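If you count the sequence shown from 1, you need to add 14 to reach this note's numbering. The next block holds one structure in the form of structure tokens; read it before the comments.
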Amino acid sequence: AKMYLEVEGFKIASATDGKAALAKIFAEKPSLVVLDLMLPELDGWEVCRRVRADSDVPIIMLTARGEDIDRIVGLELGADDYLTKPFNPRELVARIKAILRRTEKRNSPSADSVLKLENLWIFPDRRIVTVEGKSVDLRVKEFDLLMTLAEHKGMVFTREKLLDVVWGYDFAGETRTVDVHIAHLRHKLQGMKPTIETVWGVGYRLDL
């Protein structure tokens, strides 16, 4: 994977254990972190937790285990994406590029359009969200999920449809991923109108 990334022009800094990884992340402030869960010293979950306490850097987690719970815990800790080994290096490159494109748009100072829904304002081009005029920091997938619901206000989305639209690849059997991100959105967007409604037995919608 390192060779593929270097061919694409990425500058790579690597570490062989969790403590070293943590030190490099805070010292070098990378644009994105690819984090293996099975690191010695500190495992990937602990590294992710500590990074998230101080940094918004995008994180892609890697694991050799295909357990759903690993993916769910990683997402709950704030990871932006998740890959199970073995994987195609080109897929990792594609996901890195996609996340970085979204991050660049979010940080762009250029003027953009705004989607106004009561006290919820969404600036799609810069990927900024405000509630009552106060900016709310959302992770990549959280923003994409909110934007999908906001663009189709009142429409009910099944978990499977949200996985397909927001993640864009097969998460079959892992619809809990959507529930985790919805819970994060509700926590971060307290006081937001309209609200995210659960349609029991079906999925979610942004209320009318």
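Even for Gly, the Cβ is constructed at its ideal location relative to N, Cα and C. Since the model is a prediction, treat every value here as computed from it, not as a measurement.
Counterpart residues of residue i in DSSP-defined beta bridges
| i | result |
| --- | --- |
| I142 | F137 |
| K1 | Given that the chain is displayed from residue 15 to residue 222, the structure contains no residue 1 and the question cannot be resolved. |
| D95 | I74 |
| D50 | L76 |
| R219 | E211 |
| K130 | W135 |
Cβ-Cβ separation, residue j to residue i (assumed contact under 8 Å), whole Å
| i | j | result |
| --- | --- | --- |
| D191 | L89 | Sequence check: residue 191 is Thr here, not Asp. With 8 Å as the limit, T191 and L89 qualify as a contact, their Cβ atoms being about 6 Å apart. |
| L91 | R66 | 6 Å |
| D31 | E55 | 4 Å |
| P72 | V180 | Not really, about 15 Å apart at Cβ, beyond 8 Å. |
| H195 | L159 | 5 Å |
| I113 | D139 | Wrong, their Cβ atoms sit about 17 Å apart, outside the cutoff. |
Enclosing alpha helix (DSSP H) for residue i [first to last residue]
| i | result |
| --- | --- |
| M17 | 16 to 21 |
| T162 | 154 to 165 |
| E211 | Taken as a continuous stretch (DSSP letters only), E211 belongs to no alpha helix (DSSP H), being part of the beta strand (DSSP E) at 210 to 213. |
| G58 | 58 to 68 |
| L176 | 173 to 176 |
| K43 | It is not in any alpha helix (DSSP H) - K43 carries neither H nor E in the DSSP assignment. |
| L199 | 190 to 202 |
Residue nearest to residue i in terms of C-alpha spacing, selected from the options
| i | options | result |
| --- | --- | --- |
| M75 | S69, D84, A67 | D84 |
| V170 | E55, W214, E20 | W214 |
| W135 | T30, W59, I39, T209 | T209 |
| Y218 | T162, G32, K202 | T162 |
| V96 | S127, R64, V47 | The sequence given here has Tyr at residue 96, not Val. Looking at the Cα atoms, V47 is the closest of the given residues. |
| E22 | G32, F40, K111, I39 | K111 |
| E105 | A15, D221, H198, E211 | A15 |
| G68 | I86, K43, L53 | The sequence given here places Asp at residue 68; Gly does not occur at that position. Checked all of I86, K43, L53; the closest Cα to D68 is K43. |
| C62 | A35, S45, A41, A78 | A35 |
| D57 | A41, T77, T172, S45 | T77 |
| E132 | A37, T189, A164 | A164 |
| F24 | E60, A108, K175, R64 | A108 |
| G147 | D94, K207, I39 | K207 |
| L129 | E211, K167, W59, V87 | K167 |
| R115 | E156, S45, S127 | S45 |
| T117 | T212, D178, E156, R173 | E156 |
| F40 | Y18, V150, R64, E20 | R64 |
| V87 | E20, Y18, D193, V216 | D193 |
| A29 | E20, W59, L53, L19 | L53 |
| V150 | K33, H198, E60 | H198 |
| F101 | L176, T212, Y18 | Y18 |
Does the pairing of the stretch 137 to 151 with the stretch 192 to 212 give three or more beta-carbon distances under 8 Å? With a cut-off of 8 Å, the stretch 192 to 212 and the stretch 137 to 151 count as touching, because enough Cβ pairs lie within range.
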